[in-house]
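Visitor: Using this note's numbering, the letters of the first sequence correspond one by one to residues 3 to 262.
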Amino acid sequence: MKIATWNINGIKARIDAATTWLKQANPDIACFQETKCQDEAFPAHVFEDLGYNVAIHGQKGFNGVALLSKLPFDEVRPKLAGDPDDVQARYLEAVISVPSGVLRLINIYLPNGNPFGTEKFAYKLAWMSRLRERVKGLLALEEPMVIAGDFNVIPAPEDVYNPSAWMDDALFRPESRAHFQALVNLGLTDAFRACHDEPHRFTFWDYQAGAWQKNQGLRIDHLLLSPQAADRLQACEIDPAPRGWEKPSDHVPIWIELSV
DNA sequence: ATGTCGATACTTTATCGA
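1) Taking Cβ positions, are Val263 and Asp241 nearer each other than 8 Å?
2) Short check: CB of Val329 to CB of Asn109, under 8 Å?
3) Any chance you could list the alpha helix (DSSP H) runs of at least 4 consecutive residues sitting entirely within the region 209 to 237, in chain order?
4) Out of Ile256, Glu144, Gly151, Tyr93, which has the shortest C-alpha to C-alpha gap to Phe204?
5) Can you tell me where the alpha helix (DSSP H) holding Trp23 begins and where it ends?
6) Please report how far the alpha carbon of Asp192 lies from the alpha carbon of Ala15, in whole angstroms.
7) What is the DSSP secondary structure of Pro165, reduced to helix, strand or coil?
8) Rounded to the nearest angstrom, what separates Glu77 and Leu94 at their Cα positions?
9) Judging by CA-CA distance, which residue of Met169, Ala20, Phe194, Tyr111 is the nearest neighbour of Glu50?
10) Mind checking who Lys4 pairs with in its DSSP beta bridge?
11) From Asn114 to Asn154, what distance separates their C-alpha atoms?
12) Helix, strand or coil for Leu141? Go by DSSP, reduced to three states.
13) Check whether the region 127 to 142 and the region 21 to 37 are in contact - that is, three or more C-beta pairs closer than 8 Å.
14) Could you give the distance in angstroms between the alpha-carbon of Pro229 and the alpha-carbon of Ile5?
15) Got a sec, what are the start and stop residues for the beta strand (DSSP E) Phe75 sits in?
16) Relative to the C-alpha of Glu121, which candidate in Asp208, Pro250, Ala172, Ala43 has its C-alpha closest?
17) For Ile239, name the three-state secondary structure that DSSP assigns.
18) Just tell me which of Gln183, Leu185, Val186, Ala158 has its CA closest to the CA of Phe174.
19) Output the distance between the C-alpha atoms of Arg134 and Cys238, rounded to the nearest integer angstrom.
20) Suppose you measure from the CA of Pro74 to the CA of Val162; what does that come to, to the nearest Å?
21) Under DSSP, the alpha helix (DSSP H) around Gln183 begins and ends at which residues?
22) Under the assumption that Asn11 contacts Glu42 (Cβ atoms under 8 Å), give the Cβ distance between them as a whole number of angstroms.
23) Going by alpha carbons, who is nearest to Asp208 out of Val104, Ile222, His198?
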């Protein structure tokens with residue numbers, strides 16, 4: 003089973019890129035972030051025509067996550083627990099039945115948090131603490147579980163082209179990396195790092211300053227696996243090609259193959 | 001040093017968020 007995650011930066015602006023990539027890569031499950039689309043305006047039929055069940059959690063203008071699955075959803079749960087006043091659409095959880103049992107999926111668009119030192123940075127860290135609490139509870143179920151999405155965290159210096167230039171950025175601040183590590187320390191596996199140890203493998207290149215042409219990127223899109231999912235990991239790959247397409251997202255897809 | 005993009009609104013240019 004192939005599970006992909008991709009921050010598409012606007013579903014309406016990226017509908018052609020999304021369908022082209024889905025037809026070519028043919029994932030069983032796709033997690034999209036930054037759909038920037040209210041639920042009633044989401045073009046679900048386009049993906050249903052490609053054979054996907056569609057679950058969405060969006061809002062006007064910003065954020066927004068969507069889950070596509072060729073297998074039907076047994077459960078769908080939007081919103082991250084821990085703050086009932088949080089209205090930002092950044093979390094969508096689902097359960098599907100697979101031949102070996104169940105598979106739980108969590109699609110996240112983790113807050114960017116810039117500028118460092120502001121209420122936005124505090125919101126990022128608080129959101130990460132809430133995510134850790136939720137994941138900690140779910141790990142007790144001992145299910146195969148995949149937490150996929152745009153984490154807006156550069157885990158290590160080898161995951162950024164020029165670490166010294168990013169020292170004060172919310173994506174690379176020690177506080178952000180510590181929260182990410184605390185999440186992993188619950189017992190999760192970074193799928194990409196379980197399959198690859200080479201530095202400078204990126205999932206994001208800024209639109210500005212010719213970052214793509216100069217390969218000045220970041221690795222901030224991740225798939226974290228519960229022990230039961232990690233046992234089934236067969237492969238993890240980044241597909242950089244869509245960054246070179248016309249009208250690209252600034253992120254590219256990353257996917258895993260799980261034996262289920 | 002700068003360089004971009006998508007969505008939105010007191011809209012056709014400015015602002016925000018990234």
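C-beta atoms are modelled at their ideal positions from N, C-alpha and C, and glycine is treated no differently.
Guide: So, from the listed chains and residues:
1) The requested residue 263 does not occur in the structure, where the chain is confined to residues 3 to 262.
2) Any property of residue 329 remains undetermined from this structure, which presents the chain solely from 3 to 262.
3) 229 to 232
4) On the first sequence, position 202 is the one that residue 204 refers to. If we check each option's Cα against that of Phe204, Ile256 comes out closest.
5) Counting from one through the first sequence, the residue named residue 23 turns up at place 21. Note, Trp23: alpha helix (DSSP H), 17 to 27.
6) Here residue 192 is taken as the residue at index 190 of the first sequence, counted from 1. Here residue 15 is taken as the residue at index 13 of the first sequence, counted from 1. Each residue's Cα considered, the two are about 30 Å apart.
7) Along the first sequence, read from residue 1 onward, the residue named residue 165 stands at position 163. Three-state DSSP puts Pro165 in a helix.
8) As a working note, residue 77 is residue 75 in the first sequence. As a working note, residue 94 is residue 92 in the first sequence. Cα to Cα, Glu77 sits roughly 11 Å from Leu94.
9) Within the first sequence, the letter at position 48 stands for residue 50. Ranking the options by Cα distance to Glu50, first place goes to Ala20.
10) Numbered from its first residue, the first sequence carries residue 4 at position 2. Per DSSP, Glu259.
11) Residue numbering aside, residue 114 sits at position 112 when the first sequence is read from its first letter. Residue numbering aside, residue 154 sits at position 152 when the first sequence is read from its first letter. So the alpha carbons of these two residues sit roughly 5 Å apart.
12) The count along the first sequence starts at 1 and reaches residue 141 at position 139. Correct three-state label for Leu141: helix.
13) no
14) Position 227 of the first sequence, counted from the first residue, corresponds to residue 229. Position 3 of the first sequence, counted from the first residue, corresponds to residue 5. Rounded to the nearest angstrom, the two C-alpha atoms are 17 Å apart.
15) Within the first sequence, numbered from 1, the residue matching residue 75 stands at position 73. Per DSSP, Phe75 belongs to the beta strand (DSSP E) from 75 to 80.
16) Within the first sequence, residue 121 is the residue found at index 119, counting from 1. Answer by Cα proximity: Ala172.
17) In the first sequence, counting from the first residue as 1, residue 239 sits at position 237. The amino acid at residue 239 is misidentified as Ile; the sequence shows Glu. Strand at Glu239.
18) For this step, residue 174 is matched to residue 172 along the first sequence. That would be Ala158, whose Cα lies nearest to the Cα of Phe174.
19) The count along the first sequence starts at 1 and reaches residue 134 at position 132. The count along the first sequence starts at 1 and reaches residue 238 at position 236. Near 23 Å, if we compare the C-alpha coordinates of Cys238 and Arg134.
20) As a working mapping, residue 74 is identified with position 72 in the first sequence. As a working mapping, residue 162 is identified with position 160 in the first sequence. Going from the Cα of Pro74 to the Cα of Val162 covers about 37 Å.
21) Locating residue 183 in the first sequence gives position 181, where the first residue counts as 1. That run of the alpha helix (DSSP H) goes 176 to 186.
22) Counted from its first residue, the first sequence places residue 11 at position 9. Counted from its first residue, the first sequence places residue 42 at position 40. Contact flag wrong, Cβ pair sits at about 21 Å.
23) As a working note, residue 208 is residue 206 in the first sequence. The option with the nearest alpha carbon to Asp208 is Ile222.
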